[in-house]
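Just so we're aligned: 154 in our numbering is position 141 of the sequence shown, and the numbers increase by one with no gaps anywhere.
Even glycine gets a Cβ: it sits at the ideal position worked out from N, Cα and C.
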Amino acid sequence: MNRLFGSAPKGPKPTLNSAISNIDTRISSVDVKIASINAELQTYQTKMAKMRDGPGKTALKQKALKVLQRRKQYESQRDQLQSQVWNMEQAQTLQDNLAGVMTTVDAMKTTQRELRKQYGKVDLDKIERMQDEMADLLDVGNEIQETLSRGYEVPDDVDEAELDAELEMLGAEMESEGLGAIDAGGVPDFMRDEVPEFIDEPPEASKVQEVAR
14 MNRLFGSAPK GPKPTLNSAI SNIDTRISSV DVKIASINAE LQTYQTKMAK MRDGPGKTAL
74 KQKALKVLQR RKQYESQRDQ LQSQVWNMEQ AQTLQDNLAG VMTTVDAMKT TQRELRKQYG
134 KVDLDKIERM QDEMADLLDV GNEIQETLSR GYEVPDDVDE AELDAELEML GAEMESEGLG
194 AIDAGGVPDF MRDEVPEFID EPPEASKVQE VAR
């Protein structure tokens with residue numbers, strides 16, 4: 014038959030999520046049945062509470078016992094289904110964790126390849142030479158700064174007595190130049206200029222000499 018009409022198309026393989034969903038549906042169906050049985054048992058209990066002991070009550074009690082037995086079977090079935098769901102959920106958690114681990118490993122491999130490419134372009138010898146050159150330049154800069162900040166102080170071997178004698182000589186020269194600036198008329202060189210127009214009479218020579226002194 015398969016040779017004539019071909020094989021049936023294969024559907025997608027079941028997954029843990031789909032299996033868990035199917036079992037949850039079955040558990041919900043069992044819960045509905047258990048709730049219906051509980052309601053039926055409640056009805057039997059209400060009737061038996063109003064009945065006297067006798068064949069009628071005994072027969073009703075037998076029915077209630079059968080219903081109770083059926084409820085226990087459903088409860089046992091529900092417990093088994095819940096255990097299956099729990100096991101599959103644990104397997105799903107492990108699968109998710111494994112997928113996360115594989116994703117992390119793939120990302121680390123990709124990062125490692127990129128780092129190898131990038132670090133392969135780095136020349137460590139060139140970096141060391143550049144660092145040495147920078148250190149040399151910094152040393153040269155420090156030497157320049159020390160040279161420019163050097164003070165121009167008086168040498169220690171200069172004699173103070175010689176400085177005092179030189180200072181006295183400069184004072185004597187300045188005094189002789191000041192006296193020579195006054196001409197025979199007793200008027201200094203800086204006062205020989207033309208008398209301003211607002212002055213009626215030129216200054217007397219004697220007063221000029223007194224001012225110069």
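Within 10 Å of its beta-carbon, does Asp196 have 16 or more other beta-carbons around it, so buried, or fewer, so exposed?
As a first step, residue 196 is located in the sequence shown; it is residue number 183 there, counting from the start. Interpretation of Asp196 is limited by its pLDDT of 49, a score under 50 that renders its predicted location unreliable; the figure taken from the coordinates is listed afterwards. Asp196 is exposed by the Cβ-count criterion.
Using only the alpha-carbon positions, how far apart do Ile140 and Val118 sit?
Along the sequence shown, one-based indexing puts residue 140 at 127. Along the sequence shown, one-based indexing puts residue 118 at 105. Spanning the two alpha carbons is a distance of roughly 32 Å.
Classify Thr28 as helix, strand or coil using the three-state DSSP reduction.
Here residue 28 refers to the residue found at position 15 when the sequence shown is read from its first residue. Three-state result, Thr28: coil.
Is it the case that the Cβ atoms of Leu94 and Ile36 are separated by a distance below 8 Å?
Position 81 of the sequence shown holds residue 94. Position 23 of the sequence shown holds residue 36. Result yes, Cβ atoms of Leu94 and Ile36 sit closer than 8 Å.
Round the Cβ separation of Gln105 and Asn30 to the nearest angstrom and send it over; I've been treating them as touching at under 8 Å.
Along the sequence shown, read from residue 1 onward, the residue named residue 105 stands at position 92. Along the sequence shown, read from residue 1 onward, the residue named residue 30 stands at position 17. Correct: roughly 7 Å between the Cβ atoms.
For the alpha helix (DSSP H) that Lys134 lies in, which residues bound it at each end?
Numbered from 1 along the sequence shown, position 121 holds the residue referred to as residue 134. Looking at the DSSP string, Lys134 is not in any alpha helix (DSSP H), and its letter there is neither H nor E.
With the cut-off set at 8 Å, would you say Ala77 and Tyr57 are in Cβ contact?
For the purposes of this step, residue 77 is taken as residue 64 along the sequence shown, with counting starting at 1. For the purposes of this step, residue 57 is taken as residue 44 along the sequence shown, with counting starting at 1. Yes, the Cβ-Cβ distance between Ala77 and Tyr57 is below 8 Å.
Compare the Cα-Cα distances from Pro27 to each of Met101, Ser96 and Arg83 and report the closest residue.
Counting from 1 along the sequence shown, the entry for residue 27 is found at position 14. Closest option to Pro27, Cα to Cα, is Met101.
Quick one: Cα of Ile33 to Cα of Thr116, how far?
Here residue 33 is taken as the residue at index 20 of the sequence shown, counted from 1. Here residue 116 is taken as the residue at index 103 of the sequence shown, counted from 1. Cα to Cα, the separation comes out at about 25 Å.
Would you mind stating whether Arg91 and Asp44 have Cβ atoms separated by less than 8 Å?
Numbered from its first residue, the sequence shown carries residue 91 at position 78. Numbered from its first residue, the sequence shown carries residue 44 at position 31. Yes, the pair counts as a contact, with Cβ atoms nearer than the cut-off.
In angstroms with no decimal places, state the Cα-to-Cα distance between Pro68 and Ser89.
Within the sequence shown, residue 68 is the residue found at index 55, counting from 1. Within the sequence shown, residue 89 is the residue found at index 76, counting from 1. Taking the straight line from one Cα to the other gives about 32 Å.
How many Å lie between Arg129 and Lys122 at the Cα?
Residue mapping note: residue 129 aligns to position 116 of the sequence shown, counting from 1. Residue mapping note: residue 122 aligns to position 109 of the sequence shown, counting from 1. Rounded to the nearest angstrom, the two C-alpha atoms are 11 Å apart.
Would DSSP call Arg65 helix, strand or coil?
Counted from its first residue, the sequence shown places residue 65 at position 52. Looking at Arg65 - three-state DSSP - the assignment turns out to be coil, as it is neither helix nor strand.
Look up Arg91 in the DSSP assignment and say whether it is helix, strand or coil.
In the sequence shown, the residue the question calls residue 91 occupies position 78. Correct three-state label for Arg91: helix.
Helix, strand or coil for Arg142? Go by DSSP, reduced to three states.
Here residue 142 is taken as the residue at index 129 of the sequence shown, counted from 1. Of the three classes helix, strand and coil, the one that applies to Arg142 here is helix, per DSSP.
Can you give me the C-alpha to C-alpha distance between Leu111 and Ala148, rounded to a whole angstrom?
Against the sequence shown, residue 111 aligns to sequence position 98. Against the sequence shown, residue 148 aligns to sequence position 135. Rounded to whole angstroms, Leu111 to Ala148 spans 52 Å at the Cα level.
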